[in-house]
Amino acid sequence: MRIDEIEPILIKSFAGQASSEDEKRIADWIAASDDNFAEWKRYKALWNKSKALQYSDKIDLEKALIATKRRIPQFHKTKSFKLQWWMQAAAVILLSLLFSVTINYFREESKKLVATNVVYQEVKAAYGTQTKVLLEDGTLVWLNSGSKLRFPNTFASQDTRNVELVGEGYFEVYHNPQHPFIVHTRDIGVKVLGTTFNVNAYENTKRVTVALVEGKVSVINERADQKKELLQLHPSEIADYSIDENKIYYSETENIGRYTAWKDGKIVFLEDSMAEMVGLLENWYNVDIEVQDKSLLRNHFTATFHDESLDQILKYLSISTSFKYRFVDSKEFGGSGDQRQKIVIYR
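Using this note's numbering, read the sequence shown as starting at 5 and increasing by one per residue.
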């Protein structure tokens, strides 16, 4: 797609007026080459500069007055011109005040107009796939299998950039110190200015895991009666929040890639327990797995898979750990054809 074809679509997107089809065309165009991504960033930077007044807090009247006075012709210091000079100075002050009031009025009205036009969108990754989402501010998000992201079509009217995650997401957040980016998920919020991190918060688990790749993030407890910062993370640090205990655990890792390998289509187990293995496969393949022999839950697994079927993965793991499994017909447990596939693991 030529730049003259994509340009009007980019403008619609930056203005929060693009359709989902337009956003998909932009995402495909950006993914096509690094040059396209560089062009997108250039256009976005120009757009942000054009909206600078919208985020301006005040007009510096003193500087405006000095700058304007420099443009006033200098007169001889005679009594005949004293009155004229003060009249011009008063006019400068009045015009500066009027300009300040006008700019602030239109800035606030613009914010109100944008706020009334904010539309929330939701993107879901199909099971067994990963989906990439480009947000209005330039933030890139990868969604893992079965995960959902809810976000506004524009952040222009917000002091903070807020999104909601269900499942697992990998975030490359566009740097903007004036407008922090916050991921809300279950009882936890992750607050950043601009950084790269992974959040795992699937609903079939009892924890939220935040893994930091670059930058710095704050992990916040968002329970109604306990809103507070729990800790700050630096690169290669992990925060594990237990929902049942309402407690956070901190650790460091030398293999941060294991937390983000899924966005490249890889399933990685690194001394993971049977329960962790089951949870991951349930989310990835949209199935229900029952472990009948609870002693098997003590087993741990280390392996990497890429593009293998669920049957292939279970076959490999069953050989290495001595368990058996079978796919259950829905009729056996009184289910209908539209229910999730059930698998039983036993000795």
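Backbone N, C-alpha and C fix where the C-beta goes; we use that ideal spot for every residue, glycine too.
Computed from a predicted model, the values in this text were never measured in an experiment.
LEU139 and ASN157 have their C-alpha atoms spaced approximately 8 Å apart.
In the three-state DSSP reduction, ALA49 falls in the helix class (H, G or I).
Taking C-beta separations shorter than 6 Å and ignoring five residues to either side along the sequence, the partners of VAL282 in its chain run ILE293, following chain order. Counting C-beta pairs with one atom in each stretch, the stretch 228–247 and the stretch 265–285 have fewer than three that are closer than 8 Å, which means they do not touch. GLU172 has its alpha-carbon roughly 8 Å from the corresponding atom of GLY150. With 16 or more other Cβ atoms from the protein chains shown falling within 10 Å of its own Cβ, GLU27 counts as buried.
If you draw a straight line from the Cα of VAL295 to the Cα of THR135, it is about 30 Å long. In this chain, the alpha helix (DSSP H) harbouring GLY283 covers 278–289. In this structure, THR325 sits near PHE305, with a CB-CB distance shorter than 8 Å.
8 Å or more divides the Cβ of ARG190 from the Cβ of ASP244. Under the criterion of beta carbons closer than 8 Å, THR209 and PRO184 do not qualify as touching, at roughly 27 Å. In this structure, ILE186 is the residue among ILE186, VAL203, LEU301 and ARG330 with its C-alpha nearest to the C-alpha of LYS195. It is roughly 15 Å from the alpha-carbon of THR264 to the alpha-carbon of ASP276. Inside the stretch 124–179, DSSP marks whole beta strand (DSSP E) runs of 3 or more residues at positions 124–128, 135–138, 144–147, 152–156 and 165–176, from first to last along the chain. For LYS28, the uninterrupted alpha helix (DSSP H) segment begins and ends at 24–36.
The DSSP-derived three-state label of SER255 is strand. According to DSSP, residue pairing for HIS183 in a beta bridge does not occur.
Beta-bridge partners of GLU294 (DSSP): VAL348. Nearest to MET5 by C-alpha distance, out of GLN230, ARG29 and LYS16, is ARG29.
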